[in-house]
Amino acid sequence: VIYTEEHVSPLAACLARRVAQTGTGYVMNACRHAGLLTHFITEVIARGMHVQMSAIERFEGEDLAECQGGHLHRDLPEHTEQWWCESAIKLAKFDECIIINDVSSTAYDAVAMEALITTLEGCFVLLKLSHAT
Numbered sequence: 004v005i006y007t008e009e010h011v012s013p014l015a016a017c018l019a020r021r022v023a024q025t026g027t028g029y030v031m032n033a034c035r036h037a038g039l040l041t042h043f044i045t046e047v048i049a050r051g052m053h054v055q056m057s058a059i060e061r062f063e064g065e066d067l068a069e070c071q072g073g074h075l076h077r078d079l080p081e082h083t084e085q086w087w088c089e090s091a092i093k094l095a096k097f098d099e100c101i102i103i104n105d106v107s108s109t110a111y112d113a114v115a116m117e118a119l120i121t122t123l124e125g126c127f128v129l130l131k132l133s134h135a136t
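Per this note's numbering, residue 4 is the first one in the sequence shown, and the count goes up by one each step.
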């Protein structure tokens, strides 16, 4: 999870260096702050990478307003595991993905991207990253 602004540039730089020219990198993020995710995507694109985004709705099986901290220290409802498995399959297919920029893209609008990502706050987002070819 990209928690703070300090994570954005180093993670983008690391992925740009470490993902092979013909390879693909994936970043799974619980979208808590649209500005951070937008900044990360902007940084990745500035480093010459293409980005696709797949998102799923948040888990509605419990009232998270009553919870603090991570999922490791509390019991989850029985159907959580099934939801995670189904969600992982949906995310990985990228069937309904949002192509942020691809080979044919010539422009990237960070303001419009933040407006889009704001609608995904609270959701899980999978980013698929590859180098421009």
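Glycine included, each C-beta is placed from N, C-alpha and C at the ideal position.
Residues bridged to alanine 33 [DSSP beta-bridge criterion]: The residue labelled residue 33 in the question sits at position 30 within the sequence shown. Alanine 33 is bridged to Phe127.
Own chain, CB closer than 8 Å to threonine 7, minus 5 neighbours either side, in chain order: Along the sequence shown, read from residue 1 onward, the residue named residue 7 stands at position 4. Excluding positions up to five away in sequence, the list reads Leu39.
Reference threonine 45; option with closest CA among Ala15, Ala33, Gln24, Thr27: Locating residue 45 in the sequence shown gives position 42, counting from the first residue. Nearest C-alpha to threonine 45: Ala15.
Residue range of the unbroken beta strand (DSSP E) whose run includes histidine 53: Your numbering for residue 53 matches position 50 in the sequence shown. It spans 52-59 - the beta strand (DSSP E) in which histidine 53 sits, taken as one unbroken run.
According to DSSP, residues forming a beta bridge with histidine 134: On the sequence shown, residue 134 is found 131 positions in, with the first residue counted as 1. Paired residues: Met52.
Residue from Val54, Ala115, Lys96, His82 with nearest C-alpha to valine 22: As a working note, residue 22 is residue 19 in the sequence shown. Of the listed residues, the one whose Cα sits closest to valine 22 is Val54.
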